[in-house]
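Undergrad: Residue numbers (our numbering), protein chains in the order written: chain X, 60 to 292; chain Y, 30 to 520. Please find one structure pasted underneath; my questions will follow.
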C-alpha cells in the first residue's frame with residue numbers, strides 16, 4: 060500500500076513512529092545527560108501520541124488509558140526522577156562521549172535494516188500500516204540495547220533500558236492495539252518499581268565506588284576475584 | 030480455587046506484613062509460618078488437581094505441570110526459610126546487615142515467593158511476564174544486601190542483564206498476541222490466555238510464531254541462565270545472602286524454564302504442519318547443550334565456593350533444556366524429574382554451603398578446609414550433596430540423567446558422547462574442589478557453629494528415595510505432566 064492511499068490517521072501514526080525512531084538515534088549519540096533525559100521524554104510523548112491516535116482510529120477506549128499512563132510515567136515521572144538524581148549526584152555537566160560515534164551510528168543503521176528483515180514475516184502476514192511500525196519498534200528496542208552496551212554511564216544505561224520499554228509499548232500499540240489492560244498495568248508497575256530501584260542503585264554505586272562509570276564495576280572478573288574479596292561468608 | 034488463593038496470596042500478604050514488622054526475631058518466625066501456610070495450600074491444591082484435573086478460573090489455571098512446580102516451590106521456600114531464620118540473625122549479629130536490611134530481606138523473600146507462585150498459576154502470558162520480571166525486582170536489592178562494592182556490582186549486572194533479557198521476552202509476548210489476534214474470535218478478552226491459545230494453536234501463523242518463540246526463548250532463557258546470557262548468575266549467587274542463592278537456584282531458574290516449556294508447547298502445535306516442525310526443540314537442544322558444556326568447563330578451578338555451585342546450576346539447567354528440546358515422552362519425563370531432584374539437591378547444597386562459610390568465615394575454596402573434622406554434619410552434608418549433584422547412583426539425579434541419556438541415545442545417538450564427556454568433566458571439577466574442603470586438615474581456631482541441618486537431611490533423603498524407587502503417585506503425576514507436554518503417556 061502506498062503511503063498516500065492510507066487513511067490520514069495511519070499516516071500520522073507512521074510519521075510519529077518514525078520520529079520516535081529518530082529520538083532513539085538521538086539518545087544513542089547524545090553525550091550530555093540532561094539533554095538525553097529530555098530526548099527520552101520526547102520519545103515517551105511520541106509513543107503516547109501513537110497510542111492515543113491508534114485509540115482514535117480503532118475506537119478502543121483502553122488505549123487512551125495506556126496513553127495516559129505512558130504520558131504520566133515516561134514523560135513526567137521518570138524524567139523528573141532522573142533529573143533529580145542527576146542533580147543530587149552533581150552530574151549535570153558531565154559529558155559521556157562515545158568512543159566510536161561513527162561506528163556506533165552505523166551499527167544503529169544496521170539494526171534498523173535487521174529489524175526490517177526480522178519483521179518481514181509479520182509484514183507479509185498483515186497488509187496494513189502497522190507492519191512498518193513493528194519493524195520500527197523492534198529497531199527502537201534494539202537501539203536501546205545498543206545504547207546499554209556502548210554507554211558506560213549508569214544513568215545513560217538506564218535511559219537505554221527505558222527506551223527499550225518505549226519500543227515494546229510501541230510494538231504492542233501498533234501491532235495489536237495494545238495488550239489487555241491488566242497486563243499493561245502490570246508492566247507499568249514493573250517499570251515504575253524498576254525506576255525506583257535504579258535510583259537506589261545510583262546512590263549505592265556512588266557510595267561504594269564514588270562514580271557512576273560502570274566500567275569501574277569490574278571486580279568480579281575472575282583474575283582479581285581471589286585478592287579483592289574473599290573474607291565474605 | 031480456595032486452595033489456589035491460599036497458596037498464592039499468603040506470600041503477598043506476608044510481603045506487606047513483614048515489610049511493616051519491626052521486630053527481627055518475630056519476622057524470622059513469621060516468615061517460616063507463612064511459608065508453611067503456603068505449602069499447606071499448595072498440597073491442598075495438588076490434591077484438588079490430582080482428583081479433578083486442572084483447576085481454572087479468573088485467568089488462573091493450574092494443571093499437572095504447574096501444580097508439581099507449585100508444590101516444589103512452596104516446599105523449597107519453606108525449607109530455606111527454616112535455614113534462613115538463624116542464618117540471617119547471625120549475619121545481623123555480625124553487623125553485615127542493618128535492621129532495615131533484615132526487614133527488607135524478609136519482606137522480599139515473601140515477595141519473591143509470591144511472584145514465583147503467580148507465574149506458575151496464571152493462565153495469562155502477560156501476567157506470566159509481569160511476575161517473572163517482578164521476581165527480578167524482588168531479588169535485586171537482596172543481591173546487594175551486604176552493600177560491598179562486589180555485591181553492588183553483582184546486583185547491577187543482574188538487574189541490567191535480566192532486564193534486557195526479559196524485555197526481549199515481552200517483545201515475543203507482543204508478537205504472540207499479534208498472532209493470536211488473527212486466530213481467536215475475541216482476542217481482547219482472552220488473547221493472552223495460554224489455554225485459549227493452545228486450543229487454537231494450529232491456526233496460529235507459523236512464521237510469526239517462530240519469530241515470537243526466538244524472542245521468548247532469548248528472554249526467558251536469560252533467567253534460566255542459558256549461555257551466552259548466563260553471566261549474571263554466578264555473580265548474583267555468590268554475592269547475595271546464601272538463602273537467596275538457594276531459592277534462586279532451586280526456584281527461579283525452574284520457573285523461567287517452565288515459561289520456556291509453555292511457549293514451546295504453543296510453538297510446536299503452531300508449527301506442526303510447517304516446513305520446520307521441530308524448530309523450537311532444536312533451538313532448545315542447541316542452547317541447552319552449549320550451556321551444559323560451557324558450564325561443565327567453567328566448573329574447573331573455581332575459587333569461590335558459591336560460584337562453583339552456581340556454575341553447576343547452569344550445567345543442570347542446560348541439561349534440562351536439552352531434555353525438553355529432545356522432546357518425546359521419555360526425555361520430557363527425565364527433564365521434569367531432573368527439575369525436581371536438582372531443585373531439592375541444589376538448595377540443600379546451598380544451605381550446607383551457608384553453614385560451611387559460616388564455619389570457615391570465607392567463601393574461598395582454598396581456605397575452607399577440614400569441614401568433616403570441625404563439624405561432621407556439615408562436612409557429610411556437603412559431601413553427600415555433591416555426590417548427589419554429580420549424578421552418583423543411587424541418588425535421584427542419577428536416575429533422571431540416565432533416563433535422559435537413554436532418550437538421547439534413541440533419538441540422537443551422536444549427542445550422547447558430548448553429554449557423557451560433559452558429565453565426567455563436571456564431576457572432576459566438582460570433586461577436585463570439594464574433596465579438600467571436606468577432608469583436609471582443619472585450620473587452628475575453627476569451631477563448629479549452630480547449624481540446623483534438618484532441611485538438608487530431609488531434602489537429600491527425598492532425593493535418595495526418588496533415586497531408589499520413584500513412588501507410584503509421583504510417577505503418575507509426572508506422567509500426567511509429560512502427557513500434557515508431549516501428548517503421549519510414558520508409563
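The C-beta atom is built at its ideal place from N, Cα and C for all residues, glycine as well.
1) Under a three-way DSSP split, which group does residue 419 of chain Y fall into?
2) Cα-Cα, which of X/69, X/77, X/92, X/175 is closest to residue 217 of chain X?
3) If you run the structure through DSSP and keep just helix, strand and coil, what is residue 285 of chain X?
4) When DSSP labels each residue in this structure, what does residue 222 of chain Y get in the three-state scheme?
5) Give the DSSP-derived three-state secondary structure of residue 31 of chain Y in the structure shown.
6) Between Y/404, Y/362, Y/457, which has its C-alpha nearest residue 432 of chain Y's C-alpha?
7) List, from N- to C-terminal side, the alpha helix (DSSP H) runs of 4 residues or more that fit wholly inside the region 132-193 of chain Y.
8) In this structure, how does DSSP classify residue 424 of chain Y when only helix, strand and coil are distinguished?
9) Residue 85 of chain Y bridges to which residues according to DSSP?
10) From the DSSP secondary-structure annotation, give me the bridge partner or partners of residue 154 of chain X.
11) What span of residues does the alpha helix (DSSP H) with residue 211 of chain Y cover, start to end?
12) Compile a chain-ordered list of the residues in the region 161-176 of chain Y whose CB is closer than 8 Å to at least one CB of chain X.
13) If contact is defined by three or more beta carbon pairs under 8 Å, each pair taking one atom from either stretch, is the region 178-193 of chain Y in contact with the region 107-122 of chain Y?
14) Indicate the three-state DSSP secondary structure (helix, strand or coil) for residue 290 of chain X in the structure shown.
15) Return the residue from the list Y/288, Y/161, Y/174, Y/466 that minimises the CA-CA distance to residue 135 of chain Y.
16) Below 8 Å on the Cβ atoms is my contact criterion, and I expect residue 587 of chain Y with residue 299 of chain Y to pass it. Report the Cβ-Cβ distance as a whole number of Å.
17) Is there a Cβ from chain Y that is less than 9 Å from the Cβ of residue 288 of chain X?
18) Looking at chain Y, is there any beta carbon in it that lies within less than 9 Å of the beta carbon of residue 197 of chain X?
19) Please list the terminal residues of the continuous alpha helix (DSSP H) segment that includes residue 268 of chain Y.
20) Taking its Cβ as the centre, do 16 or more other Cβ atoms sit within 10 Å of residue 153 of chain Y, making it buried, or is it exposed?
21) Leaving out the 5 sequence neighbours to the left and right, which residues in its chain are closer than 6 Å to residue 333 of chain Y when beta-carbon positions are compared?
22) Would the region 144-160 of chain Y count as touching the region 299-309 of chain Y if we require 3 or more Cβ pairs under 8 Å?
23) Within the 9 Å Cβ cut-off, does residue 181 of chain Y reach chain X?
24) Counting pairs of Cβ atoms below 8 Å between the region 207-222 of chain Y and the region 282-293 of chain Y, do you hit three or more?
25) Which same chain residues, not among the five before or five after residue 104 of chain X, have their C-beta less than 6 Å away from its C-beta?
26) With 8 Å as the C-beta to C-beta threshold (strictly closer), list the residues of the region 69-102 of chain X near chain Y in chain order.
27) Would you kindly report the start and end of the unbroken alpha helix (DSSP H) that includes residue 337 of chain Y?
28) Bridge partners of residue 393 of chain Y, per DSSP?
29) Between residue 137 of chain X and residue 250 of chain X, is the Cβ-Cβ spacing less than 9 Å?
30) Are the CB atoms of residue 93 of chain Y and residue 36 of chain Y nearer to each other than 9 Å?
31) How big is the Cα-Cα spacing for residue 328 of chain Y and residue 496 of chain Y?
32) Which residue comes first and which comes last in the alpha helix (DSSP H) that contains residue 213 of chain X?
33) If you draw a straight line from the alpha carbon of residue 359 of chain Y to that of residue 193 of chain Y, how long is it in whole angstroms?
34) Within the same chain, show all residues whose beta-carbon is closer than 6 Å to that of residue 192 of chain X, passing over the 5 residues directly before and after it, in chain order.
35) Counting only the same chain and skipping the five closest in sequence on each side, list residues whose C-beta sits under 7 Å from that of residue 171 of chain Y.
36) Taking the alpha carbon of residue 74 of chain X as the reference point, which residue from X/99, X/94, X/108, X/127 has its own alpha carbon closest?
TA: A quick look at the data gives this:
1) As a working note, residue 419 of chain Y is residue 390 in the second chain. Coil, per DSSP.
2) Here the question's residue 217 of chain X lines up with position 158 in the first chain. For the options X/69, X/77, X/92, X/175, the alpha carbon positioned closest to that of residue 217 of chain X is the one of X/92.
3) Within the first chain, residue 285 of chain X is the residue found at index 226, counting from 1. The pLDDT assigned to residue 285 of chain X is 42, lower than 50, so where the model puts this residue is not dependable; a value taken from the coordinates is nonetheless given after this. When DSSP states are grouped into helix, strand and coil, residue 285 of chain X belongs to the helix group.
4) One-based indexing of the second chain puts residue 222 of chain Y at position 193. In this structure, residue 222 of chain Y counts as strand in the three-state DSSP scheme.
5) As a working note, residue 31 of chain Y is residue 2 in the second chain. In this structure, DSSP gives residue 31 of chain Y a helical state, which the three-state scheme calls helix.
6) Walking along the second chain from the start, residue 432 of chain Y turns up at place 403. For the residues Y/404, Y/362, Y/457, the minimum Cα distance to residue 432 of chain Y belongs to Y/362.
7) The alpha helix (DSSP H) runs lying completely inside the region 132-193 of chain Y and spanning 4 residues or more are 154-172, given in chain order.
8) The count along the second chain starts at 1 and reaches residue 424 of chain Y at position 395. Under the three-state reduction of DSSP output, residue 424 of chain Y falls in the coil class, being neither helix nor strand.
9) Position 56 of the second chain, counting from 1, holds the residue named residue 85 of chain Y. Residue pairing of residue 85 of chain Y in beta bridges, as defined by DSSP: Y/90.
10) The residue labelled residue 154 of chain X in the question sits at position 95 within the first chain. Residue 154 of chain X is bridged to X/91.
11) Position 182 of the second chain, counting from 1, holds the residue named residue 211 of chain Y. If you look at residue 211 of chain Y, you'll find it isn't in any alpha helix (DSSP H); DSSP assigns it neither H nor E.
12) Those residues of the region 161-176 of chain Y placed with their C-beta closer than 8 Å to a C-beta in chain X are 162, 163, 166, 169, 170, 173, 175, 176, ordered along the chain.
13) Output reads no: the region 178-193 of chain Y does not touch the region 107-122 of chain Y.
14) The count along the first chain starts at 1 and reaches residue 290 of chain X at position 231. The predicted position of residue 290 of chain X is uncertain, since its pLDDT is 41 and thus under 50; no value can be drawn from it.
15) The residue you call residue 135 of chain Y lines up with position 106 of the second chain. Among Y/288, Y/161, Y/174, Y/466, the Cα nearest to that of residue 135 of chain Y belongs to Y/174.
16) Coverage of chain Y is limited to positions 30 through 520, which leaves residue 587 of chain Y absent and any answer about it impossible.
17) The residue you call residue 288 of chain X lines up with position 229 of the first chain. Reliability of the predicted coordinates at residue 288 of chain X is poor, the pLDDT of 43 falling under 50, and the value obtained from them is presented with this limitation in mind. Chain Y contact via Cβ: present.
18) For the purposes of this step, residue 197 of chain X is taken as residue 138 along the first chain, with counting starting at 1. Contacts with chain Y at 9 Å (Cβ-Cβ) include residue 197 of chain X.
19) The residue labelled residue 268 of chain Y in the question sits at position 239 within the second chain. Here the alpha helix (DSSP H) through residue 268 of chain Y covers 261-268.
20) As a position in the second chain, residue 153 of chain Y is number 124, starting the count at 1. By the neighbour-count rule (16 or more Cβ atoms within 10 Å), residue 153 of chain Y is buried.
21) If you number the second chain from 1, residue 333 of chain Y lands on position 304. Excluding residues within five positions, the ones whose Cβ falls inside 6 Å are 267, 392.
22) With a cut-off of 8 Å on Cβ pairs, the region 144-160 of chain Y is not in contact with the region 299-309 of chain Y, counting fewer than three such pairs.
23) As a first step, residue 181 of chain Y is located in the second chain; it is residue number 152 there, counting from the start. For residue 181 of chain Y, the nearest beta carbon of chain X is closer than 9 Å to its own beta carbon.
24) The region 207-222 of chain Y, when compared against the region 282-293 of chain Y, does not touch it at the 8 Å Cβ threshold.
25) Reading the first chain from its first residue, position 45 is the one you call residue 104 of chain X. The beta carbon of residue 104 of chain X sits closer than 6 Å to the beta carbons of 134 from its chain, once the five residues preceding and following it are set aside; these are given in chain order.
26) Within the region 69-102 of chain X, no residue qualifies.
27) Counted from its first residue, the second chain places residue 337 of chain Y at position 308. Unbroken alpha helix (DSSP H) run through residue 337 of chain Y: 334-355.
28) Stepping through the second chain from its first residue, residue 393 of chain Y is reached at position 364. Answer is Y/333, bridged to residue 393 of chain Y.
29) Taking the first chain and counting its residues from 1, the one referred to as residue 137 of chain X is at position 78. Taking the first chain and counting its residues from 1, the one referred to as residue 250 of chain X is at position 191. Against a cut-off of 9 Å, the Cβ pair of residue 250 of chain X and residue 137 of chain X comes out as a contact.
30) Reading the second chain from its first residue, position 64 is the one you call residue 93 of chain Y. Reading the second chain from its first residue, position 7 is the one you call residue 36 of chain Y. It is not a contact, given that the beta carbons lie outside the stated cut-off.
31) Here residue 328 of chain Y is taken as the residue at index 299 of the second chain, counted from 1. Here residue 496 of chain Y is taken as the residue at index 467 of the second chain, counted from 1. Going by the C-alpha atoms only, they are around 25 Å apart.
32) Position 154 of the first chain, counted from the first residue, corresponds to residue 213 of chain X. In the DSSP annotation of this structure, the continuous segment of the alpha helix (DSSP H) that includes residue 213 of chain X starts and ends at 213-235.
33) Start at 1 with the first residue of the second chain, and residue 359 of chain Y comes out as number 330. Start at 1 with the first residue of the second chain, and residue 193 of chain Y comes out as number 164. A direct Cα-to-Cα measurement between residue 359 of chain Y and residue 193 of chain Y gives close to 34 Å.
34) In the first chain, the residue the question calls residue 192 of chain X occupies position 133. Excluding sequence neighbours, residue 192 of chain X sits near 76, 233.
35) Locating residue 171 of chain Y in the second chain gives position 142, counting from the first residue. Sequence-distant Cβ neighbours of residue 171 of chain Y in its own chain, meaning closer than 7 Å and more than five residues away, are 134, 137, 269, 270, 273.
36) Walking along the first chain from the start, residue 74 of chain X turns up at place 15. Checked all of X/99, X/94, X/108, X/127; the closest Cα to residue 74 of chain X is X/108.
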